[in-house]
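Encoded as structure tokens, the structure appears first; notes follow it.
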Amino acid sequence: MQSTLHPKPPAGLHAGIIMDGNGRWAQASGRSRTRGHVQGARVARAVVEGSAALGIGVLTLYAFSSDNWK
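At position 61 of the sequence shown (counting the first as 1) the number is 227 in the numbering used here, and the numbers step up by one without a gap.
Below is the structure:
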């Protein structure tokens, strides 16, 4: 699927995304942190599928921080 808004990326492109704030978003919206993480997983799936459709060869999703242990 080629998009006119997003030209095909060069071969070997590596995209990295830091996923942050799902729990805080949920709490600020009066929802459980778990709900925020569920929503974040939905978005992550869409990002993976969209990246594949755009031809991004390597995708790194950083989804955990030591702050999550607190």
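Positions of the beta carbon are idealized from the N, C-alpha and C atoms, including for glycine.
Quick one, are the C-beta atoms of residue i and residue j less than 8 Å apart?
i: L227; j: A212; result: no
Residues in the same chain with beta-carbon distance under 7 Å from residue i, minus the five sequence neighbours each way, listed in chain order, please.
i: R201; result: A192
i: L225; result: A181, V214 and S217
i: M185; result: G206, A210, L227, Y228 and A229
State the start and end residues of the unbroken beta strand (DSSP E) segment that holds residue i.
i: A181; result: H180 to I184
Mind checking which residues open and close the alpha helix (DSSP H) that includes residue i?
i: S239; result: No information on residue 239 is available, as it lies outside the stretch 167 to 236 that the chain covers here.
i: A194; result: N188 to A194
What does a CB cutoff of less than 6 Å around residue i pick up in its chain, not counting 5 residues either side in sequence?
i: G223; result: G178 and L179
What do you get for residue i, buried or exposed, if any count of 16 or more other CB atoms within 10 angstroms of its CB means buried?
i: G187; result: exposed
i: G206; result: buried
Which same chain residues end up closer than 8 Å to residue i when comparing Cβ atoms and leaving out the 5 residues on each side of it in sequence?
i: I183; result: V213, L225, T226, L227 and Y228
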